[in-house]
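Some notes on the structure that comes next.
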Amino acid sequence: MNWLSGQDWQAVALSLKVAGWATALSLPPGIFVAYALARWRFAGRSIVNGLVHLPLILPPVVTGYLLLIGFAPNGPIGGALAKIGLTLAFTWKGAALAAGVMAFPLMVRAIRLAIEAVDPKLEEAAATLGASRAWVFATVTLPLIAPGVLAGAITAYAKAMGEFGATITFVSNIPGQTQTLPLAIYSQLQVPGGEADAARLVVISVTLALGALLVSEWLARRIAARIAGRG
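Its first residue numbered 1, the sequence shown is counted upward by one per residue in UniProt numbering.
What follows is the structure, encoded as structure tokens:
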């Protein structure tokens, strides 16, 4: 007797896929936004900071609804994407978008704290030697914040794995297409006698989340130790 059904394994695989894409696509803008908030002073900085953290404050269903309005095929953004053959609503790509939006604040916060811990004088010293801002960031700042970037990315991955409210609102709960692990757990709980199957999925969900966090801690320490050794 299989521990999980084929449909349940599909949900696990889809969750890994969605979380991976959500993290990969969020990381470059996450680093940029974190650096801007940590180092730059500009008009509207507080507004940008508020918008970045808004998904943490809003109910996830509201975030999903806003995504549905904006990225539906007849929405302002979704309509433009539909013209080039890209549909997000009710697809796994939309699930990755929803998960990325919900995980983005956690990623930005971790990276921002890492950047703020770097002494700006180190960057200024490199700049006085004629290095461009981009080169200073790539050769000085980025190596020093690598543990924070890694921690932010894996924390975001774990958050994306567990995203439920925004996902079900934006892409629905379609087995084999948009049904991620949390949605599969929800579905099992709606079926009489499905508690045992839901419990098994919960075990997998907790194991994956804890595994991601433990790997994050281990890799961050390894990178930090390597950086300290070079210093």
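All C-beta atoms, glycine included, are put in the ideal place defined by N, C-alpha and C.
This one's a predicted model, so the numbers in the text were calculated from it and none came from an experiment.
Chain-order list of residues whose beta-carbon lies under 8 Å from that of residue i (same chain, five-residue window excluded)
i, result
"Thr91", "Val171, Gln177 and Thr178"
"residue 297", "Since the first residue of the chain shown is 1 and the last is 231, residue 297 is not available in this structure."
"Leu64", "Just to set this straight, residue 64 is Gly in the shown sequence, not Leu. Result list for Gly64: Ala98, Gly165, Ala166, Thr167, Ile168, Thr169 and Phe170, in chain order."
"Asn49", "Leu37"
Own chain residues within Cβ distance below 6 Å of residue i, not counting five before or after
i, result
"Val61", "Gly165 and Thr169"
"Trp21", "Ala96"
"Arg221", "none"
"Ser216", "Ala151 and Ile154"
"Ser15", "Met161, Thr180 and Leu181"
"Val108", "Gly30, Val33, Ala34 and Val52"
"Ala126", "Val136 and Val140"
"Pro175", "Gln7"
"Ser205", "Leu181"
"Met1", "Here Met1 scores only 39 on pLDDT, less than 50, and its place in the model is too uncertain to base an answer on."
"Ala196", "none"
Contact belief for residue i with residue j at Cβ below 8 Å, rounded distance in angstroms
i, j, result
"Pro182", "Gly162", "6 Å"
"Ala98", "Pro73", "Going by Cβ atoms, the distance from Ala98 to Pro73 rounds to 16 Å, so no, they are not a contact pair."
"Ala156", "Leu213", "So it is not a contact: roughly 12 Å between Cβ atoms."
7 Å Cβ cutoff, residue i in contact with chain C
i, result
"Val101", "You won't find chain C in this structure, because it holds only one protein chain."
Chain-order list of residues whose beta-carbon lies under 7 Å from that of residue i (same chain, five-residue window excluded)
i, result
"Leu201", "Asp8, Leu181, Ala184, Ile185 and Gln188"
"Leu208", "Met161"
"Ser46", "none"
"Ile111", "Gly30, Ile31, Ala34, Ile145, Gly148, Val149 and Gly152"
"Ala19", "Ala99, Tyr157, Ala160 and Met161"
"Val12", "Leu181 and Ile204"
Cβ pair count under 8 Å reaching 3, the region 160 to 172 against the region 27 to 37: no
Inter-stretch contact at 8 Å, needing at least 3 Cβ pairs: the region 89 to 103 / the region 8 to 28: yes
Stretch-stretch touch, CB-based, cutoff 8 Å, three pairs: the region 142 to 156 with the region 112 to 124: yes
Segment contact flag, the region 129 to 144 with the region 53 to 60, C-beta cutoff 8 Å, min 3 pairs: no
Length-filtered (4 minimum) alpha helix (DSSP H) runs lying within the region 94 to 157: 120 to 128 and 133 to 136
Completely contained alpha helix (DSSP H) runs for the region 31 to 107, where each covers 4 or more residues: 45 to 57, 60 to 71 and 76 to 83
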